[in-house]
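K.L.:
Numbering (the working numbering), first residue to last: 8 to 77.
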């Protein structure tokens with residue numbers, strides 16, 4: 008699964024917290040947030056087939072907006 012999402016994650020601290028939370032909750036090969044991009048792009052690469060909705064709801068529960076980047 009490769010998921011690419013638009014978020015409102017703005018700070019390095021928030022980025023690190025989200026990446027740590029995703030990495031500890033799901034089986035992921037890579038997870039990153041580009042806070043320099045206008046869409047604050049979250050990329051999640053997982054060997055498992057995770058539903059995009061699962062990641063969106065997880066990030067929302069952490070207090071951030073998240074939706075699929077078209």
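The beta carbon of each residue, even a glycine, is placed where N, CA and C say it ideally should be. Remember, it's a predicted structure, so these values are computed and weren't measured experimentally.
Please classify residue 45 as buried or exposed, where buried requires at least 16 neighbouring CB atoms within 10 angstroms.
P.N.:
Mapped onto the chain shown, residue 45 falls at position 38. By the neighbour-count rule (16 or more Cβ atoms within 10 Å), residue 45 is not buried but exposed.
K.L.:
Excluding the five sequence neighbours on either side, which residues of its own chain have a C-beta within less than 7 Å of the C-beta of residue 28, listed in chain order?
P.N.:
Walking along the chain shown from the start, residue 28 turns up at place 21. 69.
K.L.:
According to DSSP, simplified to helix, strand and coil, what is residue 18?
P.N.:
Position 11 of the chain shown, counted from the first residue, corresponds to residue 18. Three-state DSSP puts residue 18 in coil, outside helix and strand.
K.L.:
With a threshold of 16 other CB atoms inside 10 Å of the CB of residue 52, please say whether the residue is buried or exposed.
P.N.:
Counting from 1 along the chain shown, the entry for residue 52 is found at position 45. Burial call: exposed.
K.L.:
What does DSSP give as the partner residues of residue 70 in its beta bridges?
P.N.:
By 1-based counting over the chain shown, the position of residue 70 is 63. BP columns for residue 70 are empty, so no partner.
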